[in-house]
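Start counting the sequence shown at 1; every next residue gets the next number (the UniProt record's numbering).
The beta carbon of each residue, even a glycine, is placed where N, CA and C say it ideally should be.
Computed from a predicted model, the values in this text were never measured in an experiment.
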Amino acid sequence: MLLPITLTFAAACALLNLWIATRCARIRISDKVIHGDAGNALLARRMRAHANYVEYTPIVLILFLVVELAIGASLWLWIGALVYIVARVAHAFGMDADAPTVWRGGGALLTWLVMVAMAITALTIAYTATREVPAPPALSAQV
Numbered sequence: 001m002l003l004p005i006t007l008t009f010a011a012a013c014a015l016l017n018l019w020i021a022t023r024c025a026r027i028r029i030s031d032k033v034i035h036g037d038a039g040n041a042l043l044a045r046r047m048r049a050h051a052n053y054v055e056y057t058p059i060v061l062i063l064f065l066v067v068e069l070a071i072g073a074s075l076w077l078w079i080g081a082l083v084y085i086v087a088r089v090a091h092a093f094g095m096d097a098d099a100p101t102v103w104r105g106g107g108a109l110l111t112w113l114v115m116v117a118m119a120i121t122a123l124t125i126a127y128t129a130t131r132e133v134p135a136p137p138a139l140s141a142q143v
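Right, dumping it as structure tokens:
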């Protein structure tokens, strides 16, 4: 089964993960930091942005996968995936600042909105599906 949205979204998430990690690595290399943040505030913020990305992305990817498996590809799923990617880029840039920014807050808010929308969609599909569910083989063989 071809899942174009999930496949494209997963590839985009992998590349975004690499970009966020590279932002940390550049500071590590230039400041010769092997472990932790060595007191570098920008590195600490970028490490936290990377960790935050890794905390949210797996569940969002899983939600997109199961929804696409259940209902197929749709324009709104494409839009949701794009919104998530843009939100995570905005959040990563927003984390560079010393104070809260619209990029950080907006990125976090959009991330939450996409995640909640996908969770509600998954639940709606699960509990309002009208297709007939076959009985398990062990039960259907009993007469």
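Look at the beta carbons and you see the region 60-74 not touching the region 43-51: under three pairs across the two are nearer than 8 Å.
Here V114 is not near G72, since their CB atoms are 8 Å or more apart. By the Cβ-count criterion, H35 is exposed, with fewer than 16 other Cβ atoms from all chains shown falling within 10 Å of its own Cβ.
Here the alpha carbon of L18 sits roughly 38 Å from the alpha carbon of A129. In this structure T111 is buried. Its beta-carbon is surrounded by 16 or more other beta-carbon atoms within 10 angstroms. With contacts defined as CB atoms closer than 8 Å, I125 and W78 fail to qualify as a contacting pair. For the pair L69 and A122, the Cα-to-Cα distance works out to about 11 Å. Judged by DSSP in its simplified three-state form, P100 adopts coil rather than helix or strand. The beta carbons of A10 and L82 sit no closer together than 8 Å.
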